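Here is the structure we will look at, set down as structure tokens.
2 protein chains.
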Amino acid sequence: MTVHPAHTRVLRPDEAGDLAVPFTRVALTNGETFDRYCTEGPGSDPEVGLPPLRAAWIEGRGDVTSYDGRETQLLDNGRSAVRRGAAQGEWRGARRAPLRASGTAPVTQMAYARAGIVTEEMRYVAVREGCDVELVRSEVAAGRAIIPVNVNHSESEPMIIGRRFLVKVNANIGNSAVTSSIAEEVDKLTHAITWGADTVMDLSTGEDIHTTREWIIRNSPVPIGTVPIYQALEKVNGEADKLTWEVFRDTVIEQCEQGVDYMTIHAGVLLRYVPLTAGRVTGIVSRGGSIMAGWCLAHHEENFLYTHFDELCEIFARYDVAFSLGDGLRPGATADANDEAQLSELRTLAELTSRAWEHDVQVMVEGPGHVPLNLVEENVRLQQEWCHGAPFYTLGPLATDIAPGYDHITSAIGAATIAMHGTAMLCYVTPKEHLGLPNRDDVKTGVITYKLAAHAADVAKGHPGARDWDDALSKARFEFRWRDQFALSLDPVTAESFHDETLPAENAKTAHFCSMCGPKFCSMRISQDVRERFGSDLSTEDAALGMKEKSAEFLELGASVYVEP
Amino acid sequence: MTVHPAHTRVLRPDEAGDLAVPFTRVALTNGETFDRYCTEGPGSDPEVGLPPLRAAWIEGRGDVTSYDGRETQLLDNGRSAVRRGAAQGEWRGARRAPLRASGTAPVTQMAYARAGIVTEEMRYVAVREGCDVELVRSEVAAGRAIIPVNVNHSESEPMIIGRRFLVKVNANIGNSAVTSSIAEEVDKLTHAITWGADTVMDLSTGEDIHTTREWIIRNSPVPIGTVPIYQALEKVNGEADKLTWEVFRDTVIEQCEQGVDYMTIHAGVLLRYVPLTAGRVTGIVSRGGSIMAGWCLAHHEENFLYTHFDELCEIFARYDVAFSLGDGLRPGATADANDEAQLSELRTLAELTSRAWEHDVQVMVEGPGHVPLNLVEENVRLQQEWCHGAPFYTLGPLATDIAPGYDHITSAIGAATIAMHGTAMLCYVTPKEHLGLPNRDDVKTGVITYKLAAHAADVAKGHPGARDWDDALSKARFEFRWRDQFALSLDPVTAESFHDETLPAENAKTAHFCSMCGPKFCSMRISQDVRERFGSDLSTEDAALGMKEKSAEFLELGASVYVEP
């Protein structure tokens, strides 16, 4: 907890007393404290990785076996690794043999929940959310929430995604063919969770994909998501038409064994939907969507992810990997929002949701993208209806296309709105969207922007306790507790540095004024005078009564009130 | 037009051919152009000021007379000026004798509109908005729109504020007791209009208020708003209880003569409403509101702005100054949103709106502030109902209080939403809100953020032609016209520099890929393949038909599609 000296990491036990769930505690100058859940994990040495928090829970259920696993191949790390004969920056930390279901029974949180079993993961989540564990179990059983926890990512601190819970934020990281290194990506991961990312997707498409992912998973206390088609494409030299189900399945198993918690699968991009995009302003903008569309066109065959979907479910059920059903045909411009291509795919995603649930596999459904504000609500309404309440996971959406460089903002507008109407997780957008890969600072800006959008939605939804944070900060502001105002801020560092730009002196942090009005006059101070006169606990009636007395007093003094000029 | 080499200022005539309305024309690399209205003005030497564009129009109506005007007093520039015996940085440009109505007949755009007179200002606005001039006249006559144009601000380019027109953005500038100089404020004005501010409010509360305002008005092609109570307070040594109607009236006349186009008047802060704020989390946060509340409490008298409101109307009618009826009791925290204090004041503002209209004085009504997203729509709905459709002018609102340093974003979320539901003008919020005074960069960030929020609302409202801008940019993006994408951006400088961070080479601006996917694979390229195969003008049926043929072809070749594994 290095973001502010007033922050400490505290561990809150569950009722049974055998769990320790981390919270960030903010110590205020008035002696009060404010706790909020924390995604940062216990901190790790990147070379060593995190301790396996969940190992005993997984073992305790007695339904998984370790096995030799797939042998890592040079091509897993791309063509350059093949040329060089080795990956760069090989993982040197502990390697655990992979686990998978011992038999055919699924080892998913959904299967347990449906069987009435309350797992440690569910109890952990209940403490984190401050809710009843039965709410967690029943929502997971119904498919309305997921806890993405691969049995091979024992380092992760369980987290729930569903509309009855706090709105979550995902941060995308990952290299591309033109930029970035493993160390940079691990640093982005750490930066993202420090600022509150609830999950991280590794979208690497460049060098050393396998090894980069190993470093990321071993150091991540939050669920890790991927889009396995990106790596599969690298294995076939970047040529979409060369992809096969076999290459893809092998890549999925590779990633299951590493511990990826959820995977984006573009199984809804059906051959017959592809022509629906021809008249669009921006066609297909999802990388995964266009890979599969390209494959379908090249082969004139149905999307192999769709035709092999049940096999995928069987694999996911053995590791407890959750589907993130990709919206490969999402609109890439507000002009293309809610069109037939998009909605046709959504109907197919609804069908696939039900199929995954037959296998007890957890599912969330991805959504747009670029949507004008008046069409945002319809997106989540249709998704929730058609997909039987499966969690919605949206990218923004951007409410306008005119502001490249500010798309964290154009999309935060759409994101807060769609989350208020029921989206469970928001995929962040950074200022670099459409222009380049995010660097460390962009990751922070993206996370903070999306945390505030998610929180605005929690408040708007009337989520229990959500507004407490706003109230604590507003009270600090009203009482001129500047230090507390900084400490309670989503980004204390920026808040304090902005304040100090105009009033750098130490005593300005305890001053009863700020640079907006200056010391002579302060509206907050006048409000405090009002409160002193009338008391802060006055009901409206009391207040009116108090005023009457004052008026009476005043009239006795011979003055004239309420008289027109 | 220095923001991008592809931008030029073009002048569009009206039908009669006697007006020249400026637009920014973006020249695209494919030979097309894209025009949007421009607030930058013709550019001025700050020491000289702008030419009096409207002088002939005003004179031509034959209903105003120039007169000697009020003598400037040292105290107009504050206590330091009195001490020094002079203001700093006296205005050295031309001084015109002030104008006002020759007789008792109001010289307001509303009076003309109601009399069926179409003014040059209305025609100018119609060209700017690309709408019929009768829409302008009828909306102004009905009070549903205002054109703030003081007869003493002849430098201004007319602009309309109303829900049937494009959503407008105001930028606040102004010094305070602890910071800033005249030159800085003029620079902020220029910066604000360069990036698209539609009006600017000079909220100075520090040194040389009169002179700073003179420099600002003489150099401003956009309407200038003020909160005269700030200056009046300075004249009584910052002691709210020393304020009198006479000091205030004198200050208003001083500002009318300088050419202020609209003034925030906190006439709705009634004595009996003040106690309603005692139980709030953040009491009264409006400076003007707390000054008037402080005065009411000190005197136990009704707000003199309320009791003298008709006199104010008479003054405003002589110069065509518009009311911006201040919401002095707006919430300062989401906890206080839509409470009785706020709504009581709004009812009074509705009453005052009708009273101003009896004098043919133009009115807009100010709104919050801090409002959770689920309560935003109610604010504009009530205001529009109660105030008979008078334009609403809101500050944000912020959708959450937890992110100081990012309040341009927390408020852009509320702003886009409230504007979609009918707010006519948005007052920007900069990243420094709650923490300090905005500097030049903050002004730019605030303006860009609010322009994108306003535009998102225009698109969501289906405003005629609004989405054209989005479509032009999206098309440029889809066709890899990087230079056009930058040129069409709200902030071309930032867009281009972000792109260049990862791909600085000149040829990357014409490359058919970007740093997100790299050169090997590009989703946009695959989409273009789809379009080439199926044509971009295909209707859905045609597309389905095309697909059928392909399928038939394909089946003839003996392949199997749509077959489950």
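Protein chains in written order, with the working numbering: chain A, 31 to 595; chain B, 31 to 595.
Quick reminder that beta carbons are idealized off the backbone N, C-alpha and C, glycines included.
None of the values given here were measured: they were computed from a predicted structure.
Endpoints, the beta strand (DSSP E) within which residue i is located
i                         : result
threonine 229 of chain A  : 229–232
methionine 394 of chain A : 393–397
alanine 50 of chain B     : 50–57
aspartate 39 of chain A   : Sequence inspection shows arginine at residue 39 of chain A; the aspartate mentioned does not correspond to that position. That run of the beta strand (DSSP E) goes 37–43.
cysteine 457 of chain B   : 455–457
Beta carbon proximity, residue i to chain A, threshold 8 Å
i                         : result
glutamate 408 of chain B  : no
isoleucine 443 of chain B : yes
glutamate 531 of chain B  : yes
glutamine 261 of chain B  : no
lysine 539 of chain B     : no
alanine 57 of chain B     : no
threonine 524 of chain B  : yes
alanine 117 of chain B    : no
isoleucine 439 of chain B : yes
Separation of residue j from residue i, as counted between CA atoms
i                        : j                        : result
glutamate 531 of chain A : glycine 204 of chain A   : 34 Å
proline 82 of chain A    : serine 250 of chain A    : 11 Å
tyrosine 349 of chain B  : histidine 221 of chain A : 57 Å
valine 591 of chain A    : threonine 337 of chain B : Unreliable placement is indicated for valine 591 of chain A, whose pLDDT of 24 sits below 50; the coordinate value is still reported in the next sentence. Looking at the two C-alpha atoms, the distance is approximately 10 Å.
leucine 379 of chain B   : alanine 297 of chain B   : 8 Å
threonine 479 of chain B : tyrosine 436 of chain B  : 11 Å
valine 406 of chain B    : proline 427 of chain B   : 8 Å
leucine 520 of chain B   : glutamate 62 of chain B  : 18 Å
valine 315 of chain A    : glutamate 509 of chain B : 12 Å
serine 384 of chain A    : glutamate 370 of chain A : 22 Å
Short CB-CB distance (under 8 Å) between residue i and chain B
i                         : result
aspartate 514 of chain A  : no
leucine 482 of chain A    : yes
proline 128 of chain A    : no
tyrosine 592 of chain A   : Note on tyrosine 592 of chain A: pLDDT 24, under 50, position unreliable in the model; the coordinate value appears next. Yes, tyrosine 592 of chain A lies at the interface with chain B (some Cβ there is under 8 Å from its Cβ).
alanine 429 of chain A    : yes
glutamate 62 of chain A   : no
alanine 297 of chain A    : no
glycine 313 of chain A    : yes
leucine 503 of chain A    : yes
aspartate 471 of chain A  : no
methionine 455 of chain A : no
histidine 485 of chain A  : yes
tryptophan 499 of chain A : yes
threonine 364 of chain A  : yes
Residues near residue i in its chain [Cβ-Cβ closer than 8 Å; skip 5 each side]
i                        : result
alanine 574 of chain A   : With a pLDDT of only 45 at alanine 574 of chain A, under the threshold of 50, the placement of this residue in the model should not be trusted, and no figure is reported.
leucine 80 of chain B    : Gly71, Pro72, Ser74, Glu185, Arg248, Asn249, Ser250, Pro251
leucine 233 of chain B   : Asn202, Ile203, Gly204, Thr256, Val257, Tyr260
tryptophan 87 of chain B : Thr149, Glu150, Glu151
alanine 135 of chain A   : Asp93, Ala141
Start and end residues, alpha helix (DSSP H) containing residue i
i                         : result
methionine 152 of chain A : 150–159
serine 110 of chain A     : 109–114
threonine 524 of chain B  : 522–532
leucine 355 of chain A    : Here leucine 355 of chain A belongs to no alpha helix (DSSP H); instead the beta strand (DSSP E) covers 352–355.
Cβ pair residue i, residue j closer than 8 Å
i                         : j                         : result
valine 230 of chain A     : isoleucine 254 of chain A : yes
glutamate 396 of chain B  : serine 354 of chain B     : yes
valine 216 of chain B     : isoleucine 246 of chain B : yes
lysine 539 of chain A     : tryptophan 512 of chain A : yes
alanine 484 of chain A    : lysine 265 of chain A     : no
methionine 394 of chain A : proline 421 of chain A    : yes
Cutoff 6 Å; reference residue i; Cβ partners in own chain excluding five residues on either side
i                            : result
glutamate 332 of chain B     : Leu301
alanine 429 of chain B       : Leu403, Thr440, Ile443, Gly444
phenylalanine 516 of chain B : Pro522, Ala525, Glu526
glycine 313 of chain B       : Thr307
Chain C residues whose Cβ lies nearer than 8 Å to that of residue i
i                       : result
tyrosine 436 of chain B : The chain labelled as chain C is not found among the protein chains of the depicted structure, namely A and B.
Residues near residue i in its chain [Cβ-Cβ closer than 7 Å; skip 5 each side]
i                        : result
glutamine 413 of chain A : Leu376, Val395, Gly397, Phe422
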